[in-house]
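Engineer: Protein chains in written order, with the numbering used here: chain E, 5 to 500; chain B, 95 to 265. All C-beta atoms, glycine included, are put in the ideal place defined by N, C-alpha and C. In this text the structure is predicted, and so the values were computed from the model without any measurement. One structure follows; several queries about it will come next.
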Amino acid sequence: MISFDAYRQQWFGNIRADLLSGLVVALALIPEAIAFSIIAGVDPKVGLYASFSIAVITAFAGGRPGMISAATAATAVLMVTLVKDHGLQYLLAATVLAGLLQIGMGVLKLGFVMRYVSRSVMTGFVNALAILIFMAQLPELDPMRVTWLTYVLVAAGLAIIYLFPYVTRAIPSPLVTISILTAMTLTFGWDVRTVGDMGALPDTLPMFLIPDIPLTWETLQIILPYSVAVAVVGLLESLMTQNLVDELTDTRSSRNQECIGQGLANTATGFIGGMAGCAMIGQSMINVKSGGRGRLSCGFAGVMLLVFCVVLGKWASQIPMAALVAIMIMVSVGTFSWSSIKALRTHPTSSSVVMVATVVAVVYTHNLAIGVLLGVLLSGIFFAGKIAQLFRVTSTISADGRVRTYRVEGQMFYASVEDFMAAFDFKEALEKVILDVSAAHIWDISSVQALDMAVLKFRRDGAEVEIVGMNAASETIVDRLAMHDKPGAMDEMLAH
Amino acid sequence: MTSKIIALVDGSLYSTSVCDHAAWVSGRTGAAVELLHVLGRREGGLPQDLSGAIRLGARTALMAELAELDAQRAKLVAHRGRAILEDAHAIVTRDGASEITTRLRHGDLVESVAEVEAGADLILIGKRGEAADFAKGPSRVKSGADCPGQPQADPGGITRLQADRESADRL
Chain E
5 MISFDAYRQQ
15 WFGNIRADLL
25 SGLVVALALI
35 PEAIAFSIIA
45 GVDPKVGLYA
55 SFSIAVITAF
65 AGGRPGMISA
75 ATAATAVLMV
85 TLVKDHGLQY
95 LLAATVLAGL
105 LQIGMGVLKL
115 GFVMRYVSRS
125 VMTGFVNALA
135 ILIFMAQLPE
145 LDPMRVTWLT
155 YVLVAAGLAI
165 IYLFPYVTRA
175 IPSPLVTISI
185 LTAMTLTFGW
195 DVRTVGDMGA
205 LPDTLPMFLI
215 PDIPLTWETL
225 QIILPYSVAV
235 AVVGLLESLM
245 TQNLVDELTD
255 TRSSRNQECI
265 GQGLANTATG
275 FIGGMAGCAM
285 IGQSMINVKS
295 GGRGRLSCGF
305 AGVMLLVFCV
315 VLGKWASQIP
325 MAALVAIMIM
335 VSVGTFSWSS
345 IKALRTHPTS
355 SSVVMVATVV
365 AVVYTHNLAI
375 GVLLGVLLSG
385 IFFAGKIAQL
395 FRVTSTISAD
405 GRVRTYRVEG
415 QMFYASVEDF
425 MAAFDFKEAL
435 EKVILDVSAA
445 HIWDISSVQA
455 LDMAVLKFRR
465 DGAEVEIVGM
475 NAASETIVDR
485 LAMHDKPGAM
495 DEMLAH
Chain B
95 MTSKIIALVD
105 GSLYSTSVCD
115 HAAWVSGRTG
125 AAVELLHVLG
135 RREGGLPQDL
145 SGAIRLGART
155 ALMAELAELD
165 AQRAKLVAHR
175 GRAILEDAHA
185 IVTRDGASEI
195 TTRLRHGDLV
205 ESVAEVEAGA
215 DLILIGKRGE
225 AADFAKGPSR
235 VKSGADCPGQ
245 PQADPGGITR
255 LQADRESADR
265 L
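Here it is, written out as structure tokens:
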């Protein structure tokens, strides 16, 4: 735990820049929260209440100052079918349960599993997320549903977003886009889809409510799969974003505290009628870019978001969907890792395969957790394959041709067992076989069994078998290599 | 084990006094002196870009921009920090302390002291430093530091933090 003094510093160490960037973030959060509600198939107010509550609670309880959390696309896409089949109340219940699961994961200190998520998987995650955000905009660009005017508005919106910063960087360009497009739509009375067509906006402050669901075993069976997916994906994106903010600001932060913070935020959010969320990569980047570094920026963004919505709710319903689509395309493009495309040619094939497989799995299933799981599995297999190459068996025969010494060197584990068995010539009639494993590491039971099998085979053919150096080789088979308390153990292990 | 004194210097008026005291204690006890200068947090001077727009390659561009800014600032403050430490080193040497080491660290003052205090028997810090908000420094360091005993402000404007009673008596 950090001291109270350091915590206060995280809140008030950077007041002016935090307030300004919080304002920029709040303005950018509104269209996102609305867009993500629409993805999940609920009223915009569900996403807006969620963004308010998640932003404020993570500002207090999260582990990473300067990171922005709110309603996100990653969690929204997971809950589409839940809303469609069972309705909003089940979504709220699933949100509460997901939060409780996240708190549990934080308490159990599961933040460490992030170390098994390789860089390629993270890049795949980010790219997949960008593609999901973009794909979610496609219904609003469907020629069957919208008129040509929509395309013009989206193009105009994108032009303003990207070109306005050349005029001034003092005003958020997404805000300018929204203002101009809304004003023009109202002035000319264009018939385009607006936010108001998508459902209710908040007209009051959020109120405490208990999700209206039967508290039965059946309900749990319905929501648990969704809650687990939301909890896992939420933490993955949060910890990844945390990593990004850590890198951008060159500071460290507590992962387990972030897990607990995210969990508290989701649990509370379910009780005020909001949907689950997590940290946002794009918004956190906007925040850091705008100078936000402290907890204040995220907290202030949440509060201002609610103020804008309640005060300007009447106007917000007039915002044309085209403006939101333009902003979401900007977020999608900004989230996508462009350098990863260029790196496809230079990176090792295995890394590229992991990245692309992660993206494909996510886009196909709309579930980031499945993509990450596949990516982590592939990374593990590729790594095992690489390490299995650090293995060879050489042999020498005695002058009289009766005794052969096999010298096994390198890493013996499940992936090298096949090479191990193939290295012996069992057809050779010998009196004695010496297996020298003193330069090998035996990592698992697969290799022990392979060794046993080799010995057995030689014995069947009438040879006497002697194993040399077994003690040194099998030191690695325990689950924890107790090297930390033995000085020099590391050198010894690497030497033989 | 030889005892160790950590003296925090920042190039302000009080640094000289801190050095004098460190040398005095060292002269009487034979304790080693470690001069510590903490380069503050990386704050202020951030570019204000409130455009709220992120484009393709934003992450890489932002990373490069922030890293470049930090690098420029770090070089500047580190250069100054070295100079401060050299001055302090000269003063302590002149006052007759023998074993002197210097240490330059990035980060927060309170956190830095917490990180290095383990090996120290006595920590010396000036009452007030260069930075304006540093006025509360000694009490912030004290509340962060893992040691009992009251900071004592003496006419030299020095706050002493006894690492533990025993070493305080010994000193």
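By alpha-carbon positions, which one of E/L328, E/L348 and E/V307 ends up nearest to E/S57?
Structural biologist: E/V307
Engineer: Hey, E/S321 and E/V125: beta-carbon distance below 8 Å or not?
Structural biologist: no
Engineer: Spell out whether any CB of chain E is found under 8 Å from the CB atom of B/A214.
Structural biologist: Cβ-Cβ to chain E under 8 Å: no for B/A214.
Engineer: Could you spell out the range, first to last residue, of the alpha helix (DSSP H) harbouring B/A214?
Structural biologist: It is not in any alpha helix (DSSP H) - B/A214 carries neither H nor E in the DSSP assignment.
Engineer: Buried or exposed for E/M71, going by 16 or more other Cβ atoms inside 10 Å?
Structural biologist: buried
Engineer: Whose C-beta lies closer than 7 Å to the C-beta of E/L382 among residues of the same chain, with five residues either side of it excluded?
Structural biologist: So the qualifying residues of the chain are V357, V358 and A361.
Engineer: Roughly how many whole angstroms lie between the Cα atoms of E/D440 and E/R256?
Structural biologist: 47 Å
Engineer: Does B/A165 get closer than 8 Å to chain E when you measure Cβ to Cβ?
Structural biologist: Under the 8 Å criterion on CB atoms, B/A165 is classed as non-interfacial with respect to chain E.
Engineer: Answer yes or no: does any C-beta atom of chain E fall closer than 8 Å to that of B/L144?
Structural biologist: yes
Engineer: Could you work out which residues of chain E lie near B/T154, taking near to mean beta carbons separated by less than 7 Å?
Structural biologist: S343
Engineer: Excluding sequence positions up to five away, which residues of its chain have a Cβ less than 6 Å from the Cβ of E/I401?
Structural biologist: Within the same chain, E/I401 has close Cβ partners R408.
Engineer: Give me whichever residues DSSP pairs with E/I401 in a beta bridge.
Structural biologist: E/R408
Engineer: Any C-beta of chain B sitting closer than 8 Å to the C-beta of E/G286?
Structural biologist: yes
Engineer: Check the Cβ-Cβ distances between B/A147 and every residue of chain E, and say whether any is below 8 Å.
Structural biologist: yes
Engineer: Measure the Cβ-Cβ separation of E/A454 and E/F424 and say whether it is below 8 Å.
Structural biologist: It is a contact, given that the beta carbons lie within the stated cut-off.
Engineer: In its own chain, which residues sit with a C-beta less than 7 Å from the C-beta of E/S25, not counting the 5 before and 5 after it?
Structural biologist: N291, S294, G295, G296 and S301
Engineer: Determine the burial state of E/W221: buried for a count of at least 16 other Cβ atoms within 10 Å of its Cβ, exposed for fewer.
Structural biologist: It counts as exposed.
Engineer: Since E/L136 and E/V81 are thought to touch, with beta carbons under 8 Å apart, how far apart are those beta carbons, to the nearest angstrom?
Structural biologist: Contact flag correct, Cβ pair sits at about 6 Å.
Engineer: Hey, B/K98 and B/G190 are a contact pair by Cβ (cut 8 Å); roughly how many whole angstroms apart?
Structural biologist: At roughly 17 Å, the Cβ-Cβ gap does not stay under 8 Å, so B/K98 and B/G190 are not in contact.
Engineer: Name, going along the chain, the residues of the segment 318-342 of chain E whose beta-carbon falls closer than 8 Å to a beta-carbon of chain B.
Structural biologist: M334, V335, V337, G338, T339, F340, S341 and W342
Engineer: Measure from the C-beta of E/M359 to each C-beta in chain B and report whether the shortest distance is under 8 Å.
Structural biologist: No, its Cβ sits nowhere closer than 8 Å to a Cβ of chain B.
Engineer: Using C-beta distances below 8 Å, list every residue in its chain close to E/A419, excluding the 5 sequence neighbours before and after it, in chain order.
Structural biologist: A388, G389, I391 and A392
Engineer: Could you list which residues in chain E have their beta carbon closer than 9 Å to that of B/V171, in chain order?
Structural biologist: Within chain E, no residue comes near B/V171; the closest Cβ sits about 14 Å away, beyond 9 Å.
Engineer: According to DSSP, E/A444 sits in a beta bridge with which residue or residues?
Structural biologist: E/G414
Engineer: What are the boundary residues of the beta strand (DSSP E) that E/E479 is part of?
Structural biologist: That residue, E/E479, is in no beta strand (DSSP E); it is neither H nor E in DSSP.
Engineer: At 8 Å on the CB atoms, spell out the chain E contacts of B/G175, in chain order.
Structural biologist: Per Cβ cutoff of 8 Å: no residues; B/G175 is ~17 Å from chain E at best.
Engineer: Under 9 Å Cβ-Cβ, which residues of chain E neighbour B/V204?
Structural biologist: S7, D9, A10 and Q13
Engineer: Using the Cβ count rule (16 or more neighbours within 10 Å means buried), how would you classify E/F40?
Structural biologist: Burial call: buried.
Engineer: Do we get a CB-CB distance below 8 Å when we pair B/E260 with the residues of chain E?
Structural biologist: With a pLDDT of 39 at B/E260, under the threshold of 50, the modelled position of that residue is not reliable, and no figure is offered here.
Engineer: Can you check whether the CB of E/F417 is closer than 8 Å to the CB of E/S450?
Structural biologist: Yes, the Cβ-Cβ distance between E/S450 and E/F417 is below 8 Å.
Engineer: Against chain B, does E/E251 count as a neighbour if the rule is that its beta carbon must be under 8 Å from one of theirs?
Structural biologist: yes
Engineer: Taking the alpha helix (DSSP H) that B/T110 belongs to, which residues open and close that run?
Structural biologist: L107 to T123
Engineer: Taking E/Q415 as the reference, which of E/S355, E/I438 and E/T480 has the closest Cα?
Structural biologist: E/T480
Engineer: Going along the chain, which residues of its own chain have a beta-carbon closer than 8 Å to the beta-carbon of B/I178, five neighbours each way excluded?
Structural biologist: V103, D104, G105, S109 and H131
Engineer: According to a CB-to-CB cut-off of less than 9 Å, which residues of the segment 177-200 of chain E neighbour chain B?
Structural biologist: Hits within the stretch, in order: S177, P178 and L179.
Engineer: Assuming E/L239 and E/Q261 make a contact with CB atoms under 8 Å, what is their CB distance in whole Å?
Structural biologist: Wrong, their Cβ atoms sit about 12 Å apart, outside the cutoff.
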